[in-house]
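Heads up: the structure comes next, in structure tokens.
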Amino acid sequence: MHYQIGLDLGSTRTATATCREVPRLESVTPTVVFANPDGSLVIGEEAERRASADPSRVARRFLRRVGDPTPLRLGAATLSADVLTARFVTMLLAQHNGRVAVAHPAAWGPHRLESLRRAGLPDALFVPAPQAAAVAYDEQARLEPGSVIAVYDLGGGGFEAAVVRKLADSWVLAGRPEESEVGGLDFDEAVFAHVVESLEWDSLDTENPVVLAAVADLRRACTAAKEQLSSDTEVRIPVAVPGISAREVRLTRAEFEEMIRPALTETTATLLRALQNAGTTANELAAVLLVGGSARIPLVTQEVSALLGRSVTPAFEGMVAVGAALSARVREPAPEVATVMWSRPPMPAVPAVAHKRTKLTPYITAAVLAAAVGGGLAMNTYFAGNATPDTTTSTTPSPTTEEPTTVAPVTTTTVAPVEPQKTVAPPPPAPPTKRTTTTTWPSSTTPSVSKSVSVPAPVPTSKASTKAGAP
1 MHYQIGLDLG STRTATATCR EVPRLESVTP TVVFANPDGS LVIGEEAERR
51 ASADPSRVAR RFLRRVGDPT PLRLGAATLS ADVLTARFVT MLLAQHNGRV
101 AVAHPAAWGP HRLESLRRAG LPDALFVPAP QAAAVAYDEQ ARLEPGSVIA
151 VYDLGGGGFE AAVVRKLADS WVLAGRPEES EVGGLDFDEA VFAHVVESLE
201 WDSLDTENPV VLAAVADLRR ACTAAKEQLS SDTEVRIPVA VPGISAREVR
251 LTRAEFEEMI RPALTETTAT LLRALQNAGT TANELAAVLL VGGSARIPLV
301 TQEVSALLGR SVTPAFEGMV AVGAALSARV REPAPEVATV MWSRPPMPAV
351 PAVAHKRTKL TPYITAAVLA AAVGGGLAMN TYFAGNATPD TTTSTTPSPT
401 TEEPTTVAPV TTTTVAPVEP QKTVAPPPPA PPTKRTTTTT WPSSTTPSVS
451 KSVSVPAPVP TSKASTKAGA P
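In full-length UniProt numbering, the protein residues as written are 1 to 471.
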């Protein structure tokens, strides 16, 4: 039976949805790739398990590097982020056969998308994630043409804000999206730093593999505690690290919210800039969607609702992936940035916020930093020694690597939308590609979850509501 598949590519997790009779979320998989000694690759939960034995062969958080030709080294293999992403997608879809739509950050321009097509995804549809979220929401809401939605997307690896507008039969970006490097991984680091400051960390032997494994477990416990605080007001984080006498550390929701409040302030300022780019105000929005795992933190709902003076709608799990599958069912979307500006007097400028990571906690002691660097370097993918950012490196899979799964061709029908008469502004220049290298301790393992969920009717959350699922 032919059907449509939607992927929500995330820095830490990737959601897969299908659209047969009704759209449904199929699975959530860690965005992780592990290279075996023979050159073959494994992904997801199995990659996480193997990474604990040989961390030099694992790649995480490589989506930000898409479009950068500098290769990443996994053991003896060197692969670009484009190839890693294409191989991850084709392996993830090995059990599926249908039209594929891949949701991606709205800030990605033609260069990044073309690099993925060349790397092994020539027939996939590429849908900006805010448009996919709006398509899924509109499946139940049935908004009128001309309706405008704001999308606040706080994921593990970063934040993006965008405004989308409904045309006769499609959704398009209404103005330039805005982004920030603040993400859920920063919140994990804040909790971990809180735990470290409560322990006798200076006495740790950071070269002991047993200690490093225990610290990795502690990191996963910190991530679980962060998620638990979305429903509980207090958690106790278990500690089982050799050389540390403490057995648990207490953390309250109020303490956690104080840690992350500066970062959330940066995201709300970014959202205001996106609204200004679209030439719209909060009162003119049909909905405000909170997308991404970290957007389920109760403080996010409170802050965004207070900022805009209106209710907001937390996304159901897998909303972007479901929207991508629905987009594949209809047709290939319009070009990545189909900007529609409204004719109106210019709005007051929103102060710019530097796009850099907000410090969530005070500096940790020098010994703690030394320990973090020692363990983090062992767990991260690093650049190949003979490559430079200015050198174009041709990267191809090892001959012993399994052949990529071919994505089924897509038949594209171009439909010219009938738009109201508006002043059309030329597309803005694509934002510069960011290049970051992150050094972290071993990250948590997120198991692949398989489930079937029908698209629920959207239920706006009032300004006073704090109910949300775990990030």
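No residue lacks a Cβ here, since even glycine has one placed at the ideal position from N, Cα and C.
Stretch pair the stretch 120-127 + the stretch 97-106: three plus CB contacts closer than 8 Å: Taking 8 Å as the limit for Cβ pairs, the verdict is that the stretch 97-106 does touch the stretch 120-127.
What beta strand (DSSP E) runs, 3 residues minimum, are completely inside the stretch 31-118? Those beta strand (DSSP E) runs which fall completely within the stretch 31-118 and span 3+ residues are 32-35, 41-43, 58-60, 72-74, 77-79 and 98-104.
Could you spell out the range, first to last residue, of the alpha helix (DSSP H) harbouring L308? From DSSP, the alpha helix (DSSP H) with L308 extends over P298 to L308.
Report the residue from V320, D232 and L63 whose alpha carbon sits nearest the alpha carbon of L116. Here the closest residue by C-alpha is L63.
Taking the continuous alpha helix (DSSP H) assigned at V210, which residues delimit it? Where V210 is concerned, the enclosing alpha helix (DSSP H) stretches over P209 to Q228.
Reference G156, options L113, L307, L326 and L9, closest by Cα: If you compare the alpha carbons of L113, L307, L326 and L9 with that of G156, the shortest gap goes to L9.
Environment of A132 [buried if 16+ CB atoms lie within 10 Å]: Residue environment for A132: buried (at least 16 other C-beta atoms within 10 angstroms of its C-beta).
Using a Cβ-Cβ cut-off of 6 Å (strictly less than) and excluding sequence neighbours within five positions of E257, which residues of its own chain qualify? The beta carbon of E257 is closer than 6 Å to those of L299 in its chain, skipping five residues each way along the sequence.
From what residue to what residue does the beta strand (DSSP E) around A246 run? Annotation: A246 is outside any beta strand (DSSP E) and is labelled neither H nor E by DSSP.
The stretch 300-312 / the stretch 266-274 touching (three or more Cβ pairs under 8 Å): As far as the Cβ criterion goes, the stretch 300-312 touches the stretch 266-274, which means the pair count is three or higher.
Checking 9 Å against the spacing of the C-beta atoms, do T90 and G120 come in under that value? Yes, Cβ-Cβ distance for T90 and G120 is below 9 Å.
So what does V195 bridge to, in DSSP terms? BP columns for V195 are empty, so no partner.
Could you spell out where the beta strand (DSSP E) holding A287 opens and where it closes? That run of the beta strand (DSSP E) goes A287 to V291.
Where S56 and A263 are concerned, what is the direct C-alpha to C-alpha distance, given to the nearest angstrom? So the two alpha carbons sit approximately 31 Å from each other.
Same chain, Cβ closer than 6 Å to R50, five either side skipped, listed in chain order: Within the same chain, R50 has close Cβ partners F34.
My assumption, with CB atoms under 8 Å, is that R173 sits in contact with V164. Please give the rounded CB distance. Correcting the residue identity first, residue 173 is Leu in this sequence and not Arg. Contact between L173 and V164 holds, with the beta-carbon distance rounding to 6 Å and staying under 8 Å.
Opposing strand residues paired with P128 [DSSP bridges]: DSSP, once it has assigned bridges, lists H104 as partnering P128.
Check for me: the alpha helix (DSSP H) holding R261 runs from which residue to which? Segment R253 to A278, the alpha helix (DSSP H) holding R261.
With DSSP run on the structure shown, which of helix, strand or coil describes A295? In the structure shown, A295 sits in a helix (DSSP, three-state: H, G or I).
For E255, which residues in the same chain have their Cβ closer than 8 Å to its Cβ, ignoring the five residues on either side in sequence? Listed in chain order, the non-local C-beta contacts of E255 below 8 Å within the same chain comprise H194, local neighbours out to five positions each way being set aside.
Taking DSSP as the reference, what is the three-state secondary structure of E26? Strand.
Quick one, are the C-beta atoms of G158 and E179 less than 9 Å apart? Yes. Within cutoff.
Would you kindly report the start and end of the unbroken beta strand (DSSP E) that includes R165? Counted as a single uninterrupted DSSP element, the beta strand (DSSP E) harbouring R165 occupies residues F159 to K166.
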